[in-house]
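Numbering follows my numbering, in which position 1 of the sequence shown is assigned residue number -18; successive positions increment by one, without gaps.
We put the beta carbon where it would ideally sit given N, CA and C, even for glycine.
Only a predicted model underlies this, so the values are computations on that prediction, with no experimental measurement involved.
Below is one structure, written out as structure tokens, with a few remarks after it.
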Amino acid sequence: MASPKILVAYYSETGHTRAAAEGVAAALAADMMEIVADDFRWPGVLGFLQRGWRALRHQGAAIRPATRSPIDYDLLIIGSPVWVGHVSPPVRSYMESIRAWKGPIAFFVTFDGQGGRPTLADMAELAGRQPIARMSVSAKDRHDGDDHEKIANFVATIRASMDQPTA
-18 MASPKILVAY
-8 YSETGHTRAA
2 AEGVAAALAA
12 DMMEIVADDF
22 RWPGVLGFLQ
32 RGWRALRHQG
42 AAIRPATRSP
52 IDYDLLIIGS
62 PVWVGHVSPP
72 VRSYMESIRA
82 WKGPIAFFVT
92 FDGQGGRPTL
102 ADMAELAGRQ
112 PIARMSVSAK
122 DRHDGDDHEK
132 IANFVATIRA
142 SMDQPTA
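So this is what it looks like as structure tokens:
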């Protein structure tokens, strides 16, 4: 049986979500696609507050067209930073753009404070289904080196799910 084709799509502003995406993609021999929102990086404190306000209000952001389509893959993994307890606006826009696609999906989030679990629930609601796997990586996990173990467990859950025959 051929290995499943997997796409890891992510948005990262600080590099933490990118690092997790790279770890997941390397472990699964997956393709990567960055979700790009050029007009979303407003500088300074006011920009930070504006981005947080948009996340809190469940608003998206203008993003560049995707360079890869989930239709070409057996599994889509989506990664987002947590902003005010919610999925980031660029990831929200990406998920809304692929809502009609109904293939297997997995999610991960990175965050400095709190909010991993509600953000994963937010992502499941956006997708209209539950993921086959989910992962939260906090700043404490990164600091303590536990992020590698979390990625390994996430990957193991995905592999186990992909190995199961379809009913």
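- Per the Cβ contact rule, the segment 83 to 98 is in contact with the segment 60 to 71 (3 or more Cβ pairs under 8 angstroms).
- Remark: C-beta atoms of V(-11) and G60 approach each other more closely than 8 angstroms.
- Here A102 is not near I86, since their CB atoms are 8 angstroms or more apart.
- Below 8 angstroms, enough C-beta pairs join the segment -5 to 7 and the segment 117 to 133 to call them touching: three or more.
- For I44 against A18, the beta-carbon gap comes to about 5 angstroms, under 8 angstroms, which counts as contact.
- CA-to-CA, the gap between A(-17) and R98 works out to about 33 angstroms.
- Per the C-alpha coordinates, the member of E106, V72, S50 positioned closest to I(-13) is S50.
- Rounded to whole angstroms, the separation of the alpha carbons of K121 and Y54 is 33 angstroms.
- Between P46 and M143, the C-beta spacing is not below 8 angstroms.
- With a 10 Å radius around the Cβ and a threshold of 16 neighbouring Cβ atoms, A10 comes out exposed.
- Within its own chain, the residues whose Cβ lies closer than 7 angstroms to the Cβ of W82, once the five positions on either side in sequence are excluded, are P51, I52, listed in chain order.
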